[in-house]
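Q: The listed protein sequences correspond, in order, to chains A and B. Quick note on the numbering used here: the first sequence kicks off at 1 and runs consecutively. Quick note on the numbering used here: the second sequence kicks off at 1001 and runs consecutively. For reference, the structure I am asking about is given below.
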Amino acid sequence: MANMDKVTGFLERTYHKQIRAHHVLEPEEGDYTDLPANLHPKLRTALEQDGIRSLYRHQGEAFNAILGGRDTVLVSRTASGKTLSFFLPILHDYMTAEPPFSVMLLYPTKALSRDQENTLGRLMHTATESRKMGTFDGDTPREERQTIQRVADFVITNPDMLHAGILPNHHRGWKSFLSRLKYIVIDEVHTYRGAFGSHVSNVFRRLLRVCEMHGSRPVFVCSSATVGNPGAHVEALFHRPFEVIAKDGAPRPQRDLYFVNPPLMKTAGSAVYRKGPGSVSVKLLRTAAEQGVRTICFCRARQEVERLYRAVTDGRPDLAGRIKPYRGGLLPNERRELERSLFDGTINTIISTNALELGIDIGDLDLCILSGHPGTIASFWQQAGRVGRKASRAVIVYIAKDTPIDQYLVTHPDFITRAAVEEAWLNADNPYILLQHIPCAAHEYPLRPEESAFSGKAYNLAVKILSDDKTIVPYHDCYRYALQDYPARGVNLRGMTDYNVDIYCGSEVIGEIDPIGARGTLYKDAIYQHLGRRYMSMDLDLDKKLCRVEEVNVDYYTEAVWEKRLEMTDVETEGDVRGAQLKFGYVHVNSQPKLYKKIRERSFENIGYGPITLPPFEYDTTGLSLVPPAEWKSRMAGADRRYIGAALFGLSYLLCRTAPSLCMADAKDIETDVSSHELEPQTWQSALYLYDAHEGGVGYAEKIHEKLDEALRLCREIIDGCECENGCPSCVPPLPPGVNDEELEELLIESNAAVQCSRSLLQALIEGEILLPEVSQIRRPLPSDIAPPPEDEEEVRLTNRLTRASQILKSKREREH
Amino acid sequence: MIDGALLHLPGIGPEKRRALYQRGIHTWSDLLDEEESGLPGLAAASPLAEAIHESRRAAGNGDIGWMVRRFHRADHWRILDRYHREATFIDIETDGLEADSRITLIICFNGDGIRTYVQGRNLDDVLDELDRTRLFVSFNGASFDLPRIENAFRIPPISIPHIDLRWVMTHAGFQGGLKSIEKKLGITRPRDLVGSDGAEAVWLWNRWKETGNPELLTKLIRYCAADVVTLRILAENIAGIVDGTPPQGFDNHPLWQLLPEEPDIRPPVPVQNQVLHPAEAETGTDPAEERLRRHHRRRKAQG
Ligand SMILES: [Zn+2]
């Protein structure tokens, strides 16, 4: 492919110094088997007309397992003919069975691609000569919904619609469909993990409960991307045993995998920073778009998508039409339009968040750019799997950021190809999640004395609490739902808090965001980026659930500074790690954004502060606390009392960024912090906390607690392997976030204390060896030759505001003490 | 009367019944007597004889549910005629005319008098009333009132025997709504209620919510109660109505005097303590429980 050669040529020429590795993944042959002998003749003819005379081996195995009525999970890569694995046996059964049964097809995103419907629709059409299939999602018009309920045998939907649209109406519109339900097909089942998975697991409990009432007992057919524990995961999700089909027989083309590490830069001062992935991706994306190479670029966050899109199209109006940003926060019609244009080729380059990691078939792509590591090895391969679906050459370019995990991966390029894929976890009996689903279940049908779907201590506790506050009330020998609303509407499967904040520009809603996200990104005066435009938040009203923004033209973005107070309220286990006190239990979190930083777009200079006035956000979760060994502390204190804090904040930074990769969490699922408690008057003890950022905990911190030694070793390896001299964001930065003690700050900003003390603490925790850190001063920078930005009115205003804010904070602190 | 219900018996349809009437056969006993005259098909073990015996047993035991389930709809008036003193007449009002409108008011009328259940005050207490009810009588309740009650309280389908007067009246030759039936039979409501309709009831409720003016609620209750009074008048006179000989002098019917003059919302009947599952056992303060309660309160406070 000549055009692709031009792109790789450009990459190798322009960035040869920064390419840390180039792996060539050899093509793989397919593993085939004959079409099933008993296959319905019409299906056989339809397949043969499409030139399909054999199946991949895993498709054949799936055929037998599914027709055998066994709950089946199919572990495969995105490219390997999943649709056929699922639907061949189901269609075969459908055409043989009398009278017709129904099938529910569940896709994980709210944004379902109509394309899935079409691929299957064509197969359905040739096979059954009818179109008894419909999509039931948030965008389905009301009139169409009734038709689907009445006539469709195959319904495509998503967990959110199942939860809030289908289950609450199970005894009305959906009764006939549910009473005939024979198969539930669940695509991308690995996405149902963590808090989301725990929610979805309860939605399935409710579904099976009403199916039982309507006399059906559906078989589950799931597809999963490669995770470490596919069988255990689906069993935790659906509470029943599964047959696991894990060998993938599909062929793959040659794939080139480049590891690129942007260069380190010295600023006028002594601070060293690594250029962002944009320093590579902007030009690479432009070249690919010019060459017409179909490209996808994944970023980690919505805001990054917007920034990258702006950078790529800045001054290049010719490219603006061909490149589009794509992220979850778009409204349905915008999203659809984008998917369509990508499919028909009007757009050949897309910059996306993880939204497209899910298996929406957007056609064949050739180049995949990963702007930063997506967090897990599983999703690295998921994203990389977007390319190379056809037997042509595919290229994957991974551009590392300056985070610890990125720098570890880019300097250990074999790790990605050799390491075991993470395991997926969830906790269906999380009492906080149960407390939201029990009212929904009671609303669907009164809770009977024996519920086969729900049981156990957490269930009993939830029932008790809900009956005490009369959400459910006794009725005969059951509990009925006593309120006059639809409880499912108040339960958001995707967020800890159960509503969204609408973002208004004038009278138009331009997006929505969950309230925690809103606190951190939409506080008054925050800069919000959307579709390449910038807006300033004028007013965030969490009670009214809305935020008003106005379009502005500025060259900075904003970042909130949070203040957190942590307390372990209930210790479940307590142990000793080489003299360190390690506890696991319930943690009470009280966090509040207090200030925001204004950061200049390209230079990342901090150009000012402002106050945030929002109430604290409180919740209980599960987590671990770690108090360093007494001997280590006394040796540190002997040298400099502040070394203890330096080590704890440093390790907190590093653990927060490495832990997610050990338990298949997203960065936002785990938080760490350092918090002090007064043991007795005048005696304070600092501890490092690591906890789930989900109410009630969903098992991430628990995993890290189990694998703490592995986590600590990974941290040490990252520090030892880092190229920097005095600490950097890729290992431990000189001033890790969260420090708000002036004396400690003074030590940190002009020394390598953070990284050296962290190393010393890690050594003590891993080897039991106490080494004094070699802390040295960083030479004071010469006066900067960069002129300070001119003092403008805005800055004067900000300074005044900051002064006021700090006075408020100070007086508040005084009141508290 | 009750033993004149023939249409649910095997082999008997309207044609056959007419033929039987011509031969002077009107009741279950008449039919069984025919057996002795040696008519074919009426041997002791015949399905017809079985069905007659079963019907007799049910009538003898006062098994209203069996009769409502098994009798042909055109014979439901016979159950009403026999059991109207034990029936609860029911009518509901809603806050709108849409399918998902909420129940605002439920009126029940039985031997205990007229009871009023008002949203936000004592609506849930109607469930206790239902539990004490042997027979429900409504107008159009099969498609309107009952499904709405089931939906409002999230309870399984109500299994109490139910007779829908709309269909009874249709079979008696009176199609249409309650108001038009009242007109045909010369039933006149008290003067303050003449001309009120469902739309006005919605307005009354919403206006009452806005203003709190008790007269509006009283008017709404009187309007809704007037419907159940009419139902009861119809039920008490159903035999004559079906016969085509309805009694005269429905205006100034003494039942109208039972209409409430002011909102009479009785205190809820205390619910008997039932043995509950599965939470009842655990009391005391477990830290996990306290945490969860704290969280639940916060969540509710957020709305
Ligand atoms: Zn470093």
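Idealized CB from N, CA, C, for every residue including glycine.
1) Taking 8 Å as the threshold, find out whether the segment 571-591 of chain A comes into contact with the segment 623-630 of chain A through three or more Cβ pairs.
2) Measuring from the CB of glycine 727 of chain A, is there a heavy atom of ligand 1 at a distance below 7 Å?
3) Please go through the same chain and pick out, in chain order, the residues whose beta-carbon is closer than 8 Å to the beta-carbon of arginine 205 of chain A, but skip the five residues on each side of it.
4) Which residues, in order along the segment 1140-1170 of chain B, keep a beta-carbon less than 8 Å from a beta-carbon of chain A?
5) If you compare alpha carbons, which of A:His476, A:Asp477, A:Cys478 and A:Ile472 is closest to proline 487 of chain A?
6) Throw me the rounded Cβ distance for the alanine 753 of chain A and valine 775 of chain A pair, which I believe falls under 8 Å.
7) For aspartate 570 of chain A, which residues in chain B fall below 8 Å Cβ to Cβ?
8) With respect to 7 Å, is the separation between the Cβ of cysteine 731 of chain A and the closest non-hydrogen atom of ligand 1 below this value?
9) Which class does asparagine 752 of chain A belong to by DSSP, given the choice of helix, strand or coil?
10) Whose Cβ in chain B lies nearer than 8 Å to the Cβ of arginine 480 of chain A?
11) In angstroms, rounded to a whole number, what distance separates the CA positions of glycine 727 of chain A and aspartate 71 of chain A?
12) The beta strand (DSSP E) spanning glutamine 529 of chain A covers which residue range?
13) How far does the beta strand (DSSP E) with glutamate 678 of chain A in it reach, from first residue to last?
14) Three or more C-beta pairs under 8 Å: does that hold for the segment 1143-1163 of chain B against the segment 1174-1181 of chain B?
15) Quick one: what's got a C-beta closer than 6 Å to isoleucine 770 of chain A's C-beta in the same chain, skipping five residues either side?
16) Mark phenylalanine 1089 of chain B as exposed unless 16 or more other C-beta atoms lie within 10 angstroms of its C-beta, in which case mark it buried.
17) If you measure between the beta carbons of isoleucine 644 of chain A and proline 660 of chain A, is that distance less than 8 Å?
18) Is the separation between the beta-carbon of threonine 33 of chain A and that of arginine 57 of chain A shorter than 8 Å?
19) Measuring from the CB of cysteine 724 of chain A, is there a heavy atom of ligand 1 at a distance below 7 Å?
20) Look at the Cβ atom of serine 371 of chain A, then the Cβ atom of isoleucine 399 of chain A, and state whether they are nearer than 8 Å.
21) Given that glutamate 695 of chain A touches chain B, what residues does it touch there, using C-beta distances under 7 Å?
22) Measuring only the C-alpha atoms, how far is proline 822 of chain A from proline 1157 of chain B?
23) Once you ignore the five residues that flank lysine 247 of chain A on each side, which residues in its own chain have a CB closer than 6 Å to its CB?
24) What does a CB cutoff of less than 6 Å around valine 571 of chain A pick up in its chain, not counting 5 residues either side in sequence?
25) Using a Cβ-Cβ cut-off of less than 8 Å, give me the residues of the segment 600-633 of chain A that come near chain B, in sequence order.
26) Whole angstroms are fine: how far does the CA of arginine 150 of chain A sit from the CA of glycine 173 of chain A?
27) Round the Cβ separation of glutamine 463 of chain A and tyrosine 445 of chain A to the nearest angstrom and send it over; I've been treating them as touching at under 8 Å.
28) Return the Cβ separation of alanine 1225 of chain B and isoleucine 1064 of chain B in integer angstroms, given the expectation that the two are a contact with Cβ distance under 8 Å.
29) Sort out for me which residues DSSP pairs arginine 180 of chain A with in a bridge.
30) Going by DSSP, which residues form a beta bridge with aspartate 570 of chain A?
31) For glutamine 592 of chain A, go through chain B and note every residue whose CB falls closer than 7 Å to its CB, in chain order.
32) In terms of residues, what are the limits of the beta strand (DSSP E) holding asparagine 1110 of chain B?
33) Which first and last residues belong to the alpha helix (DSSP H) in which methionine 104 of chain A is found?
34) Which chain B residues are close to tyrosine 586 of chain A, counting only those with a beta carbon under 8 Å from its beta carbon?
35) Am I right that aspartate 137 of chain A and methionine 161 of chain A are in contact with their C-beta atoms under 8 Å? What's the rounded C-beta distance?
36) Going by DSSP, name the residue or residues bridged to isoleucine 19 of chain A.
A: For this structure:
1) yes
2) One-based indexing of the first sequence puts residue 727 of chain A at position 727. Yes, the beta carbon of glycine 727 of chain A sits closer than 7 Å to at least one heavy atom of ligand 1.
3) Position 205 of the first sequence, counted from the start, is the residue given in the question as residue 205 of chain A. Result list for arginine 205 of chain A: His239, Ala428, His437, Ala441, Ala453 and Phe454, in chain order.
4) Ala1152, Phe1153, Arg1154, Ile1155 and Pro1156
5) The sequence position of residue 487 of chain A within the first sequence is 487, counting from 1. Ranking the options by Cα distance to proline 487 of chain A, first place goes to A:Ile472.
6) Position 753 of the first sequence, counted from the first residue, corresponds to residue 753 of chain A. Position 775 of the first sequence, counted from the first residue, corresponds to residue 775 of chain A. At roughly 5 Å, the Cβ-Cβ gap stays under 8 Å, so alanine 753 of chain A and valine 775 of chain A are in contact.
7) Taking the first sequence and counting its residues from 1, the one referred to as residue 570 of chain A is at position 570. The answer, in chain order, is Pro1287, Ala1288 and Arg1291.
8) For the purposes of this step, residue 731 of chain A is taken as the residue at position 731 of the first sequence. Yes, since a heavy atom of ligand 1 falls inside the 7 Å radius drawn around the Cβ of cysteine 731 of chain A.
9) Position 752 of the first sequence, counting from 1, holds the residue named residue 752 of chain A. Coil.
10) Taking the first sequence and counting its residues from 1, one reaches residue 480 of chain A at position 480. Per Cβ cutoff of 8 Å: Phe1153, Arg1154 and Ile1155.
11) Your numbering for residue 727 of chain A matches position 727 in the first sequence. Your numbering for residue 71 of chain A matches position 71 in the first sequence. Roughly 51 Å separates the two Cα atoms.
12) Translated into the one-based positions of the first sequence, residue 529 of chain A becomes position 529. 527-530 is the extent of the beta strand (DSSP E) around glutamine 529 of chain A.
13) Sequence index remark: in the first sequence, residue 678 of chain A carries index 678 (1-based). Its beta strand (DSSP E) spans residues 670-680.
14) no
15) For the purposes of this step, residue 770 of chain A is identified with residue 770 of the first sequence, where counting begins at 1. Excluding positions up to five away in sequence, the list reads Trp632, Arg635 and Ala764.
16) Counted from its first residue, the second sequence places residue 1089 of chain B at position 89. Buried, since its Cβ has 16 or more Cβ neighbours within 10 Å.
17) Looking up residue 644 of chain A in the first sequence gives position 644. Looking up residue 660 of chain A in the first sequence gives position 660. Not closer than 8 Å, so no.
18) One-based indexing of the first sequence puts residue 33 of chain A at position 33. One-based indexing of the first sequence puts residue 57 of chain A at position 57. Cβ atoms of threonine 33 of chain A and arginine 57 of chain A: closer than 8 Å.
19) Along the first sequence, read from residue 1 onward, the residue named residue 724 of chain A stands at position 724. Yes, ligand 1 has a heavy atom inside 7 Å of this Cβ.
20) Taking the first sequence and counting its residues from 1, one reaches residue 371 of chain A at position 371. Taking the first sequence and counting its residues from 1, one reaches residue 399 of chain A at position 399. In contact: serine 371 of chain A and isoleucine 399 of chain A (Cβ atoms closer than 8 Å).
21) Walking along the first sequence from the start, residue 695 of chain A turns up at place 695. By Cβ distance, chain B contributes His1295.
22) Because chain A in this structure spans residues 1 to 817, residue 822 of chain A falls outside the shown range and cannot be described.
23) Counting from one through the first sequence, the residue named residue 247 of chain A turns up at place 247. Hits under 6 Å: His58.
24) By one-based count along the first sequence, residue 571 of chain A stands at place 571. Within the same chain, valine 571 of chain A has close Cβ partners Lys583 and Gly585.
25) Glu618, Tyr619 and Asp620
26) Residue 173 of chain A sits at position 173 when you count from the first residue of the first sequence. Residue 150 of chain A sits at position 150 when you count from the first residue of the first sequence. Whole-angstrom Cα-Cα distance: 8 Å.
27) Translated into positions along the first sequence, residue 463 of chain A becomes position 463. Translated into positions along the first sequence, residue 445 of chain A becomes position 445. Looking at the sequence shown, residue 463 of chain A is not glutamine but valine. Not really, about 14 Å apart at Cβ, beyond 8 Å.
28) Counting from one through the second sequence, the residue named residue 1225 of chain B turns up at place 225. Counting from one through the second sequence, the residue named residue 1064 of chain B turns up at place 64. Going by Cβ atoms, the distance from alanine 1225 of chain B to isoleucine 1064 of chain B rounds to 24 Å, so no, they are not a contact pair.
29) The residue labelled residue 180 of chain A in the question sits at position 180 within the first sequence. Arginine 180 of chain A is not bridged to any residue.
30) What you label residue 570 of chain A is simply residue 570 of the first sequence in a count that begins at 1. Answer by DSSP bridge pairing, in chain order: A:Tyr586.
31) Along the first sequence, read from residue 1 onward, the residue named residue 592 of chain A stands at position 592. Correct list: empty, because the minimum Cβ distance to chain B is about 15 Å.
32) Taking the first residue of the second sequence as position 1, residue 1110 of chain B is located at position 110. First-last of the beta strand (DSSP E) with asparagine 1110 of chain B: 1103-1110.
33) Translated into the one-based positions of the first sequence, residue 104 of chain A becomes position 104. Looking at the DSSP string, methionine 104 of chain A is not in any alpha helix (DSSP H); the run it does join, the beta strand (DSSP E), is 102-106.
34) Sequence index remark: in the first sequence, residue 586 of chain A carries index 586 (1-based). Those within 8 Å of tyrosine 586 of chain A in chain B are Pro1287, Ala1288 and Arg1291.
35) As a working note, residue 137 of chain A is residue 137 in the first sequence. As a working note, residue 161 of chain A is residue 161 in the first sequence. Aspartate 137 of chain A to methionine 161 of chain A, Cβ: 5 Å. Contact.
36) Residue 19 of chain A sits at position 19 when you count from the first residue of the first sequence. Its beta-bridge partners are A:Val260.
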